[in-house]
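*Asks:*
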Amino acid sequence: MLLLALDTSTAQVSVAFGDGGAVLGSVQLGGGRRHAEQLAPAIEYLRDECGVRLDHLAAIAVGTGPGLFTGLRVGVTTAKVMAQALRIPVVGVPSLDLVAYPLRHSERTVVAVLDARRREVFAARYQPVPGGVQRVSDYAVHVPTELVAELMADVGESPHGLLLAGDGVARFPDEFAALEHAEVAGPEYASPSVAALVALATARAEREEFEQPADVRPLYLRRSDAEIAWERQAIGREPAVGDTGRPVSGE
Amino acid sequence: MTLHTTTHDAAQTHALGQRIGALLRAGDVVVLDGDLGTGKTVLAKGIAVALGIDEPVVSPTFTVVREYDAPTPLVHVDVYRLDHLQELHDLGFDDLVGGEAVTLVEWGDRVSAALPRDRLRVLLEPGEGDDDRVVSIDAAGTAWGERRDALVAAVGG
Chain A
0 MLLLALDTST AQVSVAFGDG GAVLGSVQLG GGRRHAEQLA PAIEYLRDEC GVRLDHLAAI
60 AVGTGPGLFT GLRVGVTTAK VMAQALRIPV VGVPSLDLVA YPLRHSERTV VAVLDARRRE
120 VFAARYQPVP GGVQRVSDYA VHVPTELVAE LMADVGESPH GLLLAGDGVA RFPDEFAALE
180 HAEVAGPEYA SPSVAALVAL ATARAEREEF EQPADVRPLY LRRSDAEIAW ERQAIGREPA
240 VGDTGRPVSG E
Chain B
0 MTLHTTTHDA AQTHALGQRI GALLRAGDVV VLDGDLGTGK TVLAKGIAVA LGIDEPVVSP
60 TFTVVREYDA PTPLVHVDVY RLDHLQELHD LGFDDLVGGE AVTLVEWGDR VSAALPRDRL
120 RVLLEPGEGD DDRVVSIDAA GTAWGERRDA LVAAVGG
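Chains A and B, in that order, give the protein sequences. Going by numbering that gives the first Met the number 0, the first sequence opens with residue 0, and the numbers climb by one from there. Going by numbering that gives the first Met the number 0, the second sequence opens with residue 0, and the numbers climb by one from there.
Below you can see the structure in the form of structure tokens.
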């Protein structure tokens, strides 16, 4: 089963072609907010170098976040558009799972932590189980000190200690240093693994756990229904008819 | 901690912006509040000068977000035209805040829920004279704790 896998939920752009769960070739580009410029050329380069034809793809796998908003939009949109054009399904896998999965051979409770900007992190906890990891918390956005306090309070649930991974850990070293019994995975585990995406998505595709392109949704944890409160503060003159309620001044 | 000072003309507001700007670091968020015409953009221009930005800084009311490149880049946001917090998320605002740039948010009080807790809030209000502005400055969060004395010195009066 031939898959295209892509994850753009962090500052990194990751692309791979996979066959039967193994990676045929992959590209990882670090360095910033250039997802829109880098993703399509990376796919094209890999397609040529791996010698695959897009019309032979069985599905497209995409990391669905949580992660950086702009990157997620680029990745999920690219996956949906390509899947629609090729008339193949999409397999969405949360990006935090892609941080945790490569650490499945540890005994420790894995805490996947991605930088959410705004001095916050996205995180989820996983217990290693045979053949993978099992998520034991919600995907959530945290202030780092609060995540650390929560992990300390739940220390009894992690008899083998914690293993922290993801770019959110290095971003807040002082906060996470307060955790005892916690080991930090190396920088090679800082980003969602596109090899993990190939492996997990292939297994799901084989079980036909697909989504139709239109149904794939990124995990935005910061959605808000709140209206911005613009009270009328008529200073100098009355609000005009049709004014949306912003303060009005005499300017 | 709230600090107060009064500026007597736009040049003094600009100079205050420069002194505040000199204290800013990557990741800082500054909320600028005050009615139209009280000098939020003047203060923003002063901050931009302190960050080494030589492009002209204009109010981003219509573009909502403007980015300026510098050693510490500046993201200048004006939420005046927005009606829902979701619009701010949809602009990719969350990706810009708390990273390598300083973020200035005009009318930021109105979108408080979308901002990090660590922030500097600057409120400009009309004073007694026509050009007088009473400036109130609040620093919230650990990131400002260690800069407290420097902030007191910068604000003066």
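Glycine included, each C-beta is placed from N, C-alpha and C at the ideal position.
Listing by chain order, which chain B residues have their CB less than 9 angstroms from the CB of L178(A)?
*Replies:* Correct list: empty, because the minimum Cβ distance to chain B is about 18 angstroms.
*Asks:* Please state the DSSP three-state secondary structure of A149(B).
*Replies:* Helix, per DSSP.
*Asks:* Closer than 6 angstroms by C-beta to G64(A): which residues in its own chain qualify, once you throw out the five before and the five after it? Chain order, please.
*Replies:* Excluding sequence neighbours, G64(A) sits near S8, L71, S94, P217, L218.
*Asks:* From E220(A) to V135(A), what does the alpha carbon distance come to, in whole angstroms?
*Replies:* Inspection of the sequence shows that residue 220(A) is occupied by Leu rather than by Glu. If I take the Cα positions, the gap works out to 18 angstroms.
*Asks:* Excluding sequence positions up to five away, which residues of its chain have a Cβ less than 6 angstroms from the Cβ of S13(A)?
*Replies:* If we look at S13(A) and ignore the five residues flanking it on each side, its Cβ neighbours are D6, Q27, V193.
*Asks:* Of the choices A204(A), V197(A), P158(A), whose alpha-carbon is the least far from that of V22(A)?
*Replies:* Ranking the options by Cα distance to V22(A), first place goes to V197(A).
*Asks:* Under 7 angstroms, CB to CB, which of the residues in the region 56–78 of chain A have a partner in chain B?
*Replies:* If the cut-off is 7 angstroms between Cβ atoms, the region 56–78 of chain A has L67, F68, T69 near chain B.
*Asks:* Starting from L71(A), trace the alpha helix (DSSP H) in both directions and tell me its first and last residue.
*Replies:* That run of the alpha helix (DSSP H) goes 68–85.
*Asks:* Does any residue of chain A have a CB that is nearer than 8 angstroms to the CB of H83(B)?
*Replies:* Yes - at least one Cβ of chain A is within 8 angstroms of the one on H83(B).
*Asks:* Please list, in chain order, the chain A residues whose beta carbon lies closer than 7 angstroms to that of V76(B).
*Replies:* In chain order: nothing, as chain A lies at least about 13 angstroms away.
*Asks:* At a Cβ threshold of 8 angstroms, is R221(A) touching chain B?
*Replies:* Interface residue, yes.
*Asks:* Check the C-beta distance from A181(A) over to L163(A) and give it rounded, since I have them as a contact under 8 angstroms.
*Replies:* Right, the Cβ-Cβ distance comes to about 6 angstroms (below 8 angstroms), so this counts as a contact.
*Asks:* Which class does D6(A) belong to by DSSP, given the choice of helix, strand or coil?
*Replies:* Strand at D6(A).
*Asks:* Determine the chain A residues that contact D32(B) at a beta-carbon separation under 7 angstroms, and present them in chain order.
*Replies:* Neighbours of D32(B) on chain A: none; closest Cβ ~11 angstroms, over 7 angstroms.
*Asks:* Mind pulling the chain B residues with CB within less than 8 angstroms of R32(A)?
*Replies:* Per Cβ cutoff of 8 angstroms: D94.
*Asks:* Could you run through the region 105–125 of chain B and flag, in chain order, every residue whose CB is less than 8 angstroms away from some CB of chain A?
*Replies:* Within the region 105–125 of chain B, the qualifying residues are R109, V110, A112, A113, L114, P115, R116, D117.
*Asks:* Which residue from E207(A), W229(A), E210(A), P191(A) puts its Cα closest to that of L102(A)?
*Replies:* Of the listed residues, the one whose Cα sits closest to L102(A) is P191(A).
*Asks:* Straight-line CA distance for T12(B) to G38(B)?
*Replies:* Whole-angstrom Cα-Cα distance: 7 angstroms.
*Asks:* Which one of V133(B), A149(B), V48(B) has the shortest CA to CA distance from D32(B)?
*Replies:* When each option's Cα is compared against that of D32(B), the closest is V133(B).
*Asks:* Please identify the residue among E99(B), S135(B), I19(B) whose C-alpha is closest to the C-alpha of A43(B).
*Replies:* A43(B) has its Cα closest to that of I19(B), out of E99(B), S135(B), I19(B).
*Asks:* Which residues bound the alpha helix (DSSP H) around Y44(A)?
*Replies:* Taken as a continuous stretch (DSSP letters only), the alpha helix (DSSP H) holding Y44(A) covers 34–49.
*Asks:* Hey, is the region 105–112 of chain B in contact with the region 138–154 of chain B, meaning 3+ C-beta pairs nearer than 8 angstroms?
*Replies:* No: the two stretches stay apart, fewer than three of their Cβ pairs being nearer than 8 angstroms.
*Asks:* Flag I87(A) as yes if its beta-carbon sits less than 8 angstroms from any beta-carbon of chain B, otherwise no.
*Replies:* So, not an interface residue.
*Asks:* With a Cβ-Cβ cutoff of 8 angstroms, do D54(A) and L85(A) count as a contact?
*Replies:* Going by C-beta atoms, D54(A) is nearer than 8 angstroms to L85(A).
*Asks:* Name the DSSP bridge partner or partners of L28(A)?
*Replies:* According to DSSP, which records beta bridges pairwise, L28(A) is partnered with V12(A).
*Asks:* For G185(A), count neighbouring C-beta atoms within 10 Å of its own C-beta (all shown protein chains included) and say buried if the count is 16 or more, exposed if not.
*Replies:* Exposed is the call here.
*Asks:* Pick helix, strand or coil for V154(B), following the three-state DSSP scheme.
*Replies:* Residue state, collapsed to three classes: helix.
*Asks:* Against G91(B), what residues of chain A qualify as contacts under a CB-to-CB distance less than 7 angstroms, listed in chain order?
*Replies:* Going along chain A in sequence order, the residues near G91(B) (Cβ under 7 angstroms) are F68, T69.
*Asks:* Following the continuous beta strand (DSSP E) through I136(B), name the residue where it begins and the one where it ends.
*Replies:* Counting along the chain, the beta strand (DSSP E) containing I136(B) begins and ends at 132–139.
*Asks:* Which term fits E106(A), buried or exposed, when burial requires 16 or more other beta carbons within 10 angstroms of its beta carbon?
*Replies:* By the 10 Å Cβ count, E106(A) comes out exposed.
*Asks:* What number of angstroms, rounded off, separates the C-alpha of A60(A) from the C-alpha of L3(A)?
*Replies:* A60(A) and L3(A): Cα-Cα distance of roughly 6 angstroms.
*Asks:* Taking only the alpha-carbon atoms, compute the straight-line gap between L122(B) and E105(B) and give it to the nearest angstrom.
*Replies:* For L122(B) and E105(B), the distance between alpha carbons rounds to 10 angstroms.
*Asks:* The beta strand (DSSP E) spanning Q211(A) covers which residue range?
*Replies:* Looking at the DSSP string, Q211(A) is not in any beta strand (DSSP E), and its letter there is neither H nor E.
*Asks:* Got a sec, what are the start and stop residues for the beta strand (DSSP E) H75(B) sits in?
*Replies:* Here the beta strand (DSSP E) through H75(B) covers 73–77.
*Asks:* Could you compute how far the alpha carbon of V90(A) sits from the alpha carbon of E99(B)?
*Replies:* Distance between the alpha carbons of V90(A) and E99(B) is about 33 angstroms.
*Asks:* Using the beta-carbon of each residue, which ones in chain A are nearer than 8 angstroms to G157(B)?
*Replies:* A question about residue 157(B) goes unanswered here, because the residues of chain B that appear run from 0 up to 156.
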